[in-house]
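K.L.:
Before we start, here is the structure in question, set down as structure tokens.
Chains as they are written, first to last, in this note's numbering: chain U, 44 to 156; chain R, 379 to 491.
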């Protein structure tokens, strides 16, 4: 079956530092990837996405890197702020599977003021 | 623009009962997906509806069912509840037919006693 996993379940960073959250996936046919942020008591919130024809995409303070060779995805957050404290999930889906996403187990990011 | 609305937010049921959860997608969104979130299994795909048709179904027993109405609102039903069905049930809507950004509601927290 599908397998999307995270290397680290928890991550603590100092405010102002950069954060890197990693994700491994197993399906080489995966075509579309999304990073979500989930705060306590809320639903997941879209951060950034990337398609398999790209290897890097940048947003506001965030960058997603995709390495299809080793089936690895990472999320970089620049100048991490206390409001970035949350659980971060990677999610992937393949061609012709609509919105049937497979989610990773999540990484809990804690920002230390 | 109103977000995805899920009702009820919290509910408590006993084993053997059934439950119906409701989801109103963002206006104009025609795809509605349902996910189950538990501490042990993470986020797992239940099913997706597009224009009143079930497009994809996850690996859940037949006790889990859903439907979508002509106004894109969706309901999911769980019959013969088991203790293991206790979870946060998340609804997500998306605009198009292909894979795209999912907008999640805040979920319905189901506790089965």
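Glycine included, every Cβ here is placed at the ideal spot set by N, Cα and C.
Report back the beta-carbon spacing between residue 453 of chain R and residue 400 of chain R to the nearest angstrom; my notes put them in contact at under 8 Å.
P.N.:
Going by Cβ atoms, the distance from residue 453 of chain R to residue 400 of chain R rounds to 5 Å, so yes, they are a contact pair.
K.L.:
Could one say the Cβ of residue 48 of chain U lies closer than 7 Å to chain R's Cβ atoms, at least one of them?
P.N.:
Confidence at residue 48 of chain U is low in this model, with a pLDDT of 47, below 50, so the placement of that residue should be treated as unreliable; the coordinate-derived value is given next. For residue 48 of chain U, the answer is no, since every Cβ of chain R falls outside 7 Å of its Cβ.
K.L.:
Pick from U/98, U/55, U/113: whose alpha carbon is nearest that of residue 106 of chain U?
P.N.:
Selected option, being the one with the closest Cα: U/98.
K.L.:
When DSSP builds the beta bridges, which residues end up paired with residue 470 of chain R?
P.N.:
According to DSSP, residue 470 of chain R bridges with R/411, R/482.
K.L.:
Using a threshold of 7 Å, state whether the C-beta atoms of residue 75 of chain U and residue 136 of chain U are closer than that.
P.N.:
The answer is yes: Cβ separation under 7 Å.
K.L.:
Which residues of the region 422-455 of chain R have a Cβ closer than 9 Å to any Cβ of chain C? Give them in chain order.
P.N.:
Here chain C cannot be found, since the structure's protein chains are U and R.
K.L.:
Please state the DSSP three-state secondary structure of residue 48 of chain U.
P.N.:
At residue 48 of chain U the pLDDT is 47, less than 50, meaning the model places this residue with poor confidence; the figure from the coordinates comes in the next sentence. It is a strand residue.
K.L.:
Nearest-angstrom Cα distance between residue 447 of chain R and residue 430 of chain R?
P.N.:
Cα to Cα, residue 447 of chain R sits roughly 6 Å from residue 430 of chain R.
K.L.:
Rounded to whole angstroms, what is the Cα-Cα separation between residue 117 of chain U and residue 455 of chain R?
P.N.:
Approximately 36 Å between the Cα atoms of the pair.
K.L.:
Quick one: which chain R residues come within Cβ less than 8 Å of residue 131 of chain U?
P.N.:
Near residue 131 of chain U there are no residues of chain R at all, since even the closest Cβ is about 12 Å away, more than 8 Å.
K.L.:
How many angstroms separate the CA atom of residue 451 of chain R from the CA atom of residue 402 of chain R?
P.N.:
Cα to Cα, the separation comes out at about 5 Å.
K.L.:
So, for residue 139 of chain U: in the same chain, excluding its five sequence neighbours on each side, which residues have a beta-carbon less than 8 Å away from its beta-carbon?
P.N.:
Result list for residue 139 of chain U: empty, nothing under 8 Å.
K.L.:
So for residue 476 of chain R, helix, strand or coil by DSSP?
P.N.:
If DSSP states are grouped into helix, strand and coil, residue 476 of chain R belongs with coil.
K.L.:
Between the region 455-487 of chain R and chain U, which residues of the former have CB atoms less than 8 Å from a CB of the latter, in chain order?
P.N.:
Answer in chain order: 468, 470, 472, 475, 476, 477, 478, 479, 480, 481, 482, 483, 484, 485.
K.L.:
Return the Cβ separation of residue 405 of chain R and residue 472 of chain R in integer angstroms, given the expectation that the two are a contact with Cβ distance under 8 Å.
P.N.:
With a Cβ gap of about 13 Å, residue 405 of chain R and residue 472 of chain R do not count as contacting.
K.L.:
Cβ of residue 89 of chain U less than 7 Å from any chain R Cβ?
P.N.:
So yes, residue 89 of chain U belongs to the interface.
K.L.:
Restricting to Cα atoms, I'd like to know which of R/420, R/389, R/407 is closest to residue 380 of chain R.
P.N.:
The shortest Cα separation from residue 380 of chain R among R/420, R/389, R/407 belongs to R/407.
K.L.:
Specify, as a first and last residue, the run of the beta strand (DSSP E) that residue 382 of chain R falls within.
P.N.:
Taken as a continuous stretch (DSSP letters only), residue 382 of chain R belongs to no beta strand (DSSP E), as it is neither H nor E.
K.L.:
What residues from the region 74-86 of chain U come within 9 Å of chain R, judged by C-beta to C-beta, listed N to C?
P.N.:
For the region 74-86 of chain U, which is checked against every Cβ of chain R, the residues closer than 9 Å are 74, 75, 77, 79, 81, 84, 85, 86.
K.L.:
Cα separation between residue 103 of chain U and residue 59 of chain U?
P.N.:
Approximately 15 Å, taken between the alpha carbons.
K.L.:
My output table needs one value for residue 444 of chain R: the three-state DSSP class, helix, strand or coil.
P.N.:
Of the three classes helix, strand and coil, the one that applies to residue 444 of chain R here is strand, per DSSP.
K.L.:
For residue 119 of chain U, which residues in chain R fall below 9 Å Cβ to Cβ?
P.N.:
Per Cβ cutoff of 9 Å: no residues; residue 119 of chain U is ~20 Å from chain R at best.
K.L.:
Using only alpha-carbon positions, find the residue among U/142, U/156, U/143, U/132 that is nearest to residue 158 of chain U.
P.N.:
Residue 158 of chain U lies beyond the stretch modelled for chain U, which goes from 44 to 156, so this question has no answer here.
K.L.:
For a contact defined as C-beta to C-beta under 8 Å, what are the partners of residue 405 of chain R on chain U?
P.N.:
None at all; the shortest Cβ gap to chain U is about 18 Å.
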